[in-house]
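K.L.:
One structure, pasted below without further comment.
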Amino acid sequence: MATTTFDIFRYQPDVSDAQYRQSFDLEHEGDFTILDAILRLQDEQDGTLAVRYSCRSAICGSCACKANGKTVLACMSQVEDVKKEFGTETVQVDPIGNFAPLKDLIVDMDPFWEKFKSVKPYLIPDGPAPEKERIVSKEDMQKLFRESACILCAACYSECNSLAADPDFVGPAALAWGYRFAGDVRDGQRKQRAKLYTGEHGVWDCTRCMYCNERCPKGVNPRDAIEKLGGIAFQEGRSMHDAGARHAKAFLISMRTGGKLNETVLVPFTKPIGAMFDVPFAIQMARHGKAPSPIPHKIKKLDEVKSLIKNVKETI
Amino acid sequence: MRRFAYYPGCIAEFSSKELDATTKHLAPMLDIELLPMPAATCCGAGDIAEAKPNLYLTLNVRILSQAEEMGVDILTICNVCTLNLRRANKMVKEDARLLESVNEELVKAGARPYEGTSDVTHLLWYISTEEGLSLLEKQGPKGLNGLRVAPYYGCQLLRPSSVMGFEDPDKPQSLERLITALGGEVADYEAKSSCCGFPIILAREEVALKESHHALSQSRDAGADCMVTPCPLCHLAMDAYQRKAEAANSTEYNMPVLHLPQLIGLALGIDNTIMDFKRHLVPVDRVLETVAG
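Chains as they are written, first to last, in my numbering: chain A, 1 to 316; chain B, 1 to 293.
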């Protein structure tokens, strides 16, 4: 048996507006998850302690929370492992981040579900329904293997750095679902999806902090899905429709013309109008030797690179 | 003397030349021989991957193959280059069929195929091990004279840990070990591994400047004399864009930001003109004064 102190975020708006922390000591066996602990506390010490959960088996995705600041599935996270990982006898339990708390560990998931719905997370095939099922090859299904594993627990959303700065960002989970269908050979909306996912708060909002890939308990790798959606946008002719897309395009142009980043192309290409009005900043940069060189940098064996750009086929 | 294929990355070669120059000057002191890679391309910075994923992979494997031909591992001084190269390496090392198809493309383009034997390491990883720190000790550093340094890791040298794998991304300690070994004090703060916003700073400046605010304000509140970073992109976001971040967030940071080799250079007492601090937008005067004592 072990004893652990649980330091838990509390918020009971029906009683008071105060958000505070409460400590509970609990004696428990070695094989004991964070969710086991919360439910035991609820049962034995404070029946008002609120938590959302269902399957207890890392399938339903309802019990995501923060344990010592790190987003986990409560049912999948062993208390003793968390203590060992952080070298503490206390486990701090908090609601997931980037959401408004509703009660204790329960957050308002509405914005998450609205964004999820906004990506049309279902198959929209072309033409009339076939008589038999639509057959997909193993190889084609394999491409969607990771994204299909998403359980919508919002662990990625909880720590997304872009979302923290822009609450309108559609977020990693919804975009992973977007790729799940945009990349499905049975879907008939690839072009429309490319447009839908690359608006102001879509694919190009991702700041590549990599927290989503790090935290996902199911190995979905949402950032990789976002990247593939960028690729689909390029395939569907949307390489000039957003500053984010033009930023990526400037790298392709640089690669073709010299093999290295050409900063003279990057800034005006990404934001032609913004760059024109940002003269004071450009002067500051130039004063400190950061003005881009007008001569493109050229690597040796550039022909190899040009040939690769011409011949490598994308298989998204 | 450990030999490396030197892959400084585009930013260190162009916008942030001071980083490249300081690294080259320090290398022999750190027992490193840097071999140039004249045919290496940009790693694509995540942008090529976001436009043409297969092309990203092929271009990065081409770089790995060049180092393999030289018979050495790659040394980087940029988080983004490190992630892009290591990720491509992991992808082809774990999938023989993928490596085969990438090699077919390379051979068709007249480039050398890759056998899968290169490794990629960052200067921070090299120097922050026990062995690396003992190299610094041998140089008899004059030290940082108690300079309070806020370690800033950024994202892509830590995450995803399945690709990077050098240290726990939630409790990184390499910069802390280095700062302490060089006679500085660590100014600790929570946002040291949050995003600087640089990848979207041109396309979504207002979002990016809200991101950099966390590390800049917290390091200031932790009483840091300066921040140190292993990544030139983070450096641009934190230094070059700092005045913009101050305006956007209605506050002042006045936070000098050092490149990793500059911190080492200060402790070893190398000539300030080599480290070229005038290329920074935020003056580093208070750092130089503290170190000088």
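Glycine is no exception: its CB is placed at the ideal position from the N, C-alpha and C atoms.
Can you give me the start and stop residues for the alpha helix (DSSP H) that Leu178 (chain B) sits inside?
P.N.:
Along the second sequence, read from residue 1 onward, the residue named residue 178 (chain B) stands at position 178. Looking at the DSSP string, the run of the alpha helix (DSSP H) that includes Leu178 (chain B) is 174-181.
K.L.:
Comparing the C-beta of Thr82 (chain B) with each C-beta of chain A, is any distance below 8 Å?
P.N.:
Residue mapping note: residue 82 (chain B) aligns to position 82 of the second sequence, counting from 1. No - not a single Cβ of chain A is within 8 Å of the one on Thr82 (chain B).
K.L.:
Quick one: give me the first and last residue of the alpha helix (DSSP H) that Glu131 (chain B) is part of.
P.N.:
Start at 1 with the first residue of the second sequence, and residue 131 (chain B) comes out as number 131. Glu131 (chain B) -> alpha helix (DSSP H) spans 130-138.
K.L.:
Using a Cβ-Cβ cut-off of less than 9 Å, list which residues of the stretch 204-227 of chain B approach chain A; keep chain order.
P.N.:
Cβ contacts with chain A: Arg204, Glu205, Glu206, Val207, Ala208, Leu209, Lys210, Glu211, His213, His214.
K.L.:
Would you check if the distance between the CB atom of Ala203 (chain B) and the CB atom of His241 (chain A) is smaller than 8 Å?
P.N.:
On the second sequence, residue 203 (chain B) is found 203 positions in, with the first residue counted as 1. On the first sequence, residue 241 (chain A) is found 241 positions in, with the first residue counted as 1. Not in contact: Ala203 (chain B) and His241 (chain A) (Cβ atoms no closer than 8 Å).
K.L.:
Specify the secondary structure class of Ser23 (chain A) as computed by DSSP and reduced to three states.
P.N.:
Position 23 of the first sequence holds residue 23 (chain A). Strand, per DSSP.
K.L.:
Can you confirm whether the stretch 238-245 of chain B touches the stretch 158-168 of chain B when touching is taken to mean that 3 or more C-beta pairs between the two stretches lie within less than 8 Å?
P.N.:
Contact fails: fewer than three Cβ-Cβ distances are below 8 Å.
K.L.:
Whose CA, out of B:Leu34, B:Asp188, B:Val107, B:Val207, lies closest to the CA of Asn161 (chain A)?
P.N.:
Against the first sequence, residue 161 (chain A) aligns to sequence position 161. Considering only alpha carbons, the answer is B:Val207.
K.L.:
Among A:Tyr179, A:Asn98, A:Arg208, whose alpha-carbon lies nearest the alpha-carbon of Ala194 (chain A)?
P.N.:
Locating residue 194 (chain A) in the first sequence gives position 194, counting from the first residue. Comparing Cα-Cα distances from Ala194 (chain A) to each of A:Tyr179, A:Asn98, A:Arg208, the minimum goes to A:Tyr179.
K.L.:
Whose CA, out of B:Leu281, B:His235, B:Ile11, B:Leu26, lies closest to the CA of Ile127 (chain B)?
P.N.:
Locating residue 127 (chain B) in the second sequence gives position 127, counting from the first residue. Out of B:Leu281, B:His235, B:Ile11, B:Leu26, B:Leu26 has the C-alpha closest to the C-alpha of Ile127 (chain B).
K.L.:
Kindly list the residues whose CB is nearer than 8 Å to the CB of Ile200 (chain B), restricted to its own chain and excluding five residues on each side of it in sequence; keep chain order.
P.N.:
Here residue 200 (chain B) refers to the residue found at position 200 when the second sequence is read from its first residue. So the list reads Val207, Ala208, once near-sequence residues are dropped.
K.L.:
Closer than 7 Å by beta-carbon distance: list the chain B residues that pair up with Asp7 (chain A), in chain order.
P.N.:
Here the question's residue 7 (chain A) lines up with position 7 in the first sequence. Residues of chain B passing the Cβ test: none, with the nearest at roughly 17 Å.
K.L.:
Quick check: the stretch 29-38 of chain B against the stretch 78-88 of chain B, are at least 3 beta-carbon pairs closer than 8 Å?
P.N.:
Contact between the stretch 78-88 of chain B and the stretch 29-38 of chain B is absent, because fewer than three Cβ pairs lie under 8 Å.
K.L.:
Is it the case that the stretch 13-28 of chain B contacts the stretch 271-288 of chain B, given that we only count it when at least three CB pairs across the two stretches are under 8 Å?
P.N.:
Touching, per the Cβ criterion.
K.L.:
Which residue comes first and which comes last in the beta strand (DSSP E) that contains Arg2 (chain B)?
P.N.:
Numbered from 1 along the second sequence, position 2 holds the residue referred to as residue 2 (chain B). Its beta strand (DSSP E) spans residues 2-7.
K.L.:
Taking the alpha-carbon positions, what's the Ala174 (chain A) to Lys120 (chain A) distance?
P.N.:
Position 174 of the first sequence, counting from 1, holds the residue named residue 174 (chain A). Position 120 of the first sequence, counting from 1, holds the residue named residue 120 (chain A). Those two C-alpha atoms are separated by around 9 Å.
K.L.:
With 16 as the cutoff for other CB atoms within 10 Å, does Gly230 (chain A) come out buried or exposed?
P.N.:
Position 230 of the first sequence, counting from 1, holds the residue named residue 230 (chain A). Under this definition Gly230 (chain A) is a buried residue.
K.L.:
Should Ile274 (chain B) be flagged as near chain A, meaning a C-beta pair shorter than 8 Å?
P.N.:
Taking the second sequence and counting its residues from 1, the one referred to as residue 274 (chain B) is at position 274. No, Ile274 (chain B) does not count as interfacial toward chain A.
K.L.:
Taking the straight line between their C-alpha atoms, what separation do you get for Gly47 (chain A) and Cys55 (chain A)?
P.N.:
As a working note, residue 47 (chain A) is residue 47 in the first sequence. As a working note, residue 55 (chain A) is residue 55 in the first sequence. Cα to Cα, Gly47 (chain A) sits roughly 20 Å from Cys55 (chain A).
K.L.:
Looking at the unbroken beta strand (DSSP E) that takes in Lys70 (chain A), where does it start and where does it end?
P.N.:
Position 70 of the first sequence holds residue 70 (chain A). Segment 70-73, the beta strand (DSSP E) holding Lys70 (chain A).
K.L.:
By DSSP, does Cys65 (chain A) sit in helix, in strand, or in coil?
P.N.:
Your numbering for residue 65 (chain A) matches position 65 in the first sequence. Reduced to three states, the DSSP call for Cys65 (chain A) is strand.
K.L.:
Round the Cβ separation of Asp108 (chain A) and Ala50 (chain A) to the nearest angstrom and send it over; I've been treating them as touching at under 8 Å.
P.N.:
Along the first sequence, one-based indexing puts residue 108 (chain A) at 108. Along the first sequence, one-based indexing puts residue 50 (chain A) at 50. 13 Å between Cβ atoms; not a contact.
K.L.:
Which residues of the stretch 23-46 of chain B have a Cβ closer than 7 Å to any Cβ of chain A? Give them in chain order.
P.N.:
Correct list: Pro38, Ala39, Ala40, Thr41, Cys42, Gly44, Ala45, Gly46.
K.L.:
Evaluate Asn254 (chain B) with the Cβ neighbour count: other Cβ atoms within 10 Å of its Cβ, from every protein chain shown; 16 or more gives buried, anything less gives exposed.
P.N.:
Along the second sequence, one-based indexing puts residue 254 (chain B) at 254. Counting Cβ neighbours within 10 Å, Asn254 (chain B) comes out exposed, since fewer than 16 surround it.
K.L.:
What would DSSP say about Pro151 (chain B), mapped onto helix, strand or coil?
P.N.:
Position 151 of the second sequence, counted from the start, is the residue given in the question as residue 151 (chain B). If DSSP states are grouped into helix, strand and coil, Pro151 (chain B) belongs with the strands.
K.L.:
Per DSSP, Gly259 (chain A) forms a beta bridge with which residues?
P.N.:
For the purposes of this step, residue 259 (chain A) is identified with residue 259 of the first sequence, where counting begins at 1. Paired residues: A:Lys298.
K.L.:
Which bits of chain B does Gly202 (chain A) rub up against, with CB to CB less than 7 Å?
P.N.:
Residue numbering aside, residue 202 (chain A) sits at position 202 when the first sequence is read from its first letter. Per Cβ cutoff of 7 Å: no residues; Gly202 (chain A) is ~11 Å from chain B at best.
K.L.:
Please work out which residues of its chain come closer than 6 Å, Cβ to Cβ, to Tyr56 (chain B), disregarding the five sequence neighbours upstream and downstream, and give them in chain order.
P.N.:
What you label residue 56 (chain B) is simply residue 56 of the second sequence in a count that begins at 1. Within the same chain, Tyr56 (chain B) has close Cβ partners Gly44, Ile48, Ala49.
K.L.:
What residues of chain B sit near Asn311 (chain A), judged by a beta carbon separation below 9 Å?
P.N.:
As a working note, residue 311 (chain A) is residue 311 in the first sequence. Simply Glu105, Lys108, Ala109.
K.L.:
Can you tell me which of the three DSSP states Phe234 (chain A) falls into?
P.N.:
For the purposes of this step, residue 234 (chain A) is taken as the residue at position 234 of the first sequence. It is helical.
K.L.:
Looking at the structure shown, is Ala2 (chain A) part of a helix, part of a strand, or coil, going by DSSP?
P.N.:
In the first sequence, counting from the first residue as 1, residue 2 (chain A) sits at position 2. Three-state result, Ala2 (chain A): strand.
K.L.:
Are the C-beta of Leu308 (chain A) and some C-beta of chain B separated by less than 8 Å?
P.N.:
Indexing the first sequence from 1 puts residue 308 (chain A) at position 308. It does; some Cβ of chain B falls within 8 Å.
K.L.:
By the three-class DSSP mapping on this structure, what secondary structure does Glu185 (chain B) have?
P.N.:
Here residue 185 (chain B) refers to the residue found at position 185 of the second sequence. If DSSP states are grouped into helix, strand and coil, Glu185 (chain B) belongs with the strands.
K.L.:
Which value, in whole angstroms, describes the spacing of the CA atoms of Asp31 (chain B) and Pro261 (chain B)?
P.N.:
Position 31 of the second sequence, counting from 1, holds the residue named residue 31 (chain B). Position 261 of the second sequence, counting from 1, holds the residue named residue 261 (chain B). In a straight line, the C-alpha of Asp31 (chain B) is about 14 Å away from that of Pro261 (chain B).
K.L.:
Could you tell me whether the Cβ of Gly197 (chain B) comes closer than 8 Å to any Cβ of chain A?
P.N.:
On the second sequence, residue 197 (chain B) is found 197 positions in, with the first residue counted as 1. So, interface residue.
K.L.:
Do we get a CB-CB distance below 8 Å when we pair Pro160 (chain B) with the residues of chain A?
P.N.:
Counting from one through the second sequence, the residue named residue 160 (chain B) turns up at place 160. Judged by the 8 Å Cβ criterion, Pro160 (chain B) is in contact with chain A.
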